[in-house]
Amino acid sequence: MAASAMMKVRGFAENFMPVRTESAFSTKGVLTPEEFVAAGDELVARCPTWTWASGDASLARAFLPPDKQYLITRNVPCVRRARDLEGGWAGGEALEAGGMDDGDDWVTTAATEARGGGGGGGGGTRDGGGG
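For the sequence shown, the positions run -8 to 122 when our numbering is used.
As structure tokens, then:
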């Protein structure tokens, strides 16, 4: 519910905020529309699963080209299929995250197991170390 409210606030604010014309990616992590399109074109050229989409015309942003409103990815290779996860996650065991009690533990995966990590040894730490 909080996310829905935030989306409404952002949508309302967009009506009063000017479209960014100067790059602030290195300082604020935000793109101009031109940078977004250029980055999207690069992504589409390098990764065949990504394509541009026009989306619903009623939701189109005037500052983006009509045929480049959204980026969408399809047919991404996956070791496990969604139907394999329907009964709940049974693919690994929870790992403690470095003794921190923030409720944000990690779960071992098939990739972790293949590397020899997981299960109480290395390979499952937050910083990617083998610790």
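We treat Cβ as the ideally placed atom computed from N, Cα and C, and that holds for glycine.
These numbers come from a predicted model, not from an experiment.
Check your understanding: Unbroken beta strand (DSSP E) runs of length 3 or more, entirely within the region -1 to 61: which are they?
Key -> Every unbroken stretch of the beta strand (DSSP E) spanning 3 or more residues and falling wholly within the region -1 to 61 is given here in chain order: 41 to 44.
Point to revise | Among 66, 75, 53, nearest to residue 25 - alpha-carbon criterion | key: When each option's Cα is compared against that of residue 25, the closest is 53.
Check your understanding: If we ignore side chains and look at the alpha-carbon of each, how far apart do residue 75 and residue 61 end up?
Key -> Per the coordinates, the alpha-carbon of residue 75 lies some 29 Å from the alpha-carbon of residue 61.
Practice item. Return helix, strand or coil for residue 116, following the three-state DSSP convention. Key: Note that residue 116 has pLDDT 40, beneath the 50 cutoff, so the model's placement of it is unreliable and the number below is only indicative. Of the three classes helix, strand and coil, the one that applies to residue 116 here is coil, per DSSP.
Point to revise | Segment contact, 8 Å Cβ cut-off, at least three pairs: the region 55 to 72 with the region 27 to 44 | key: Contact holds between the region 55 to 72 and the region 27 to 44, because three or more Cβ pairs, one in each stretch, are under 8 Å apart.
Check your understanding: Where residue 9 and residue 55 are concerned, what is the direct C-alpha to C-alpha distance, given to the nearest angstrom?
Key -> Taking the Cα positions, residue 9 is about 14 Å away from residue 55.
Check your understanding: Under 8 Å between C-beta atoms, does residue 36 make it to chain C?
Key -> Looking for chain C here will not work: only one protein chain is present.
Review point. Beta carbon of residue 12: closer than 7 Å to some heavy atom of the ligand MN?
Key: With respect to the ligand MN, the structure offers nothing, as it holds no ligand at all.
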